[in-house]
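Mapping of the sequence shown onto UniProt numbering: residues 1 to 163, in sequence order.
Note that CB positions come from ideal geometry on N, CA and C, so glycine has one too.
The structure under discussion appears below in the form of structure tokens.
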Amino acid sequence: PQPLKEAVVRPLLKKPSLDPAILNNYRPLSKLPFLGKVVEKVVALQLRRALNEADYLDPFQSGFRSGYSTETALVALTDDLWQTRDRGHSSVLVLLDLSVAFNTIDHGILLRHLREVGVRGTVLRWFSSYLSDMSQSVLVGGQRSTPRRLECGVPQGSVLSPS
1 PQPLKEAVVR
11 PLLKKPSLDP
21 AILNNYRPLS
31 KLPFLGKVVE
41 KVVALQLRRA
51 LNEADYLDPF
61 QSGFRSGYST
71 ETALVALTDD
81 LWQTRDRGHS
91 SVLVLLDLSV
101 AFNTIDHGIL
111 LRHLREVGVR
121 GTVLRWFSSY
131 LSDMSQSVLV
141 GGQRSTPRRL
151 ECGVPQGSVL
161 SPS
């Protein structure tokens, strides 16, 4: 239902030490309806279970998986680098910043990837409905903007987004 797809975005200063006059120092936090978050949690649980059962996730992926964290990723990376060094080899580390990926993901591409990992039928239709006609408004200083349709991305703060 449409009311479950309406987010109210509040800009949050990333760090108290940052200049509040600079817009890039804020990150958007989307407040979604409670019932919508409950539905999202159920869907997220089922999706994670399906991805784990299908052994779809890369064993080295740490983000967005329960039991894994940036700390476990750093421990594994450090261990790999030390082992390579101990064998007398060099290492090259390439890091990609995907921090804004949730803002720009094309809904069609996301749905295609879900189909490719085996999401079908009612679940795929639910995701399609979930992504279509999402809207958001911005709340600053008690003033709320007119809602705008979300053409791409998923709201930060959603259970289904990479928060």
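Item	Value
Those runs of the beta strand (DSSP E) which lie wholly inside the segment 12 to 83 and span at least 3 residues	26 to 31
Reduced DSSP secondary structure (H/G/I, E/B, other) of ARG120	coil
Burial state of GLY153 (16 or more Cβ within 10 Å)	buried
8 Å Cβ cutoff met for SER91 and LEU81	yes
Span separating the alpha-carbon of LEU32 from that of PHE102	16 Å
Stretch-stretch touch, CB-based, cutoff 8 Å, three pairs: the segment 39 to 58 with the segment 107 to 123	yes
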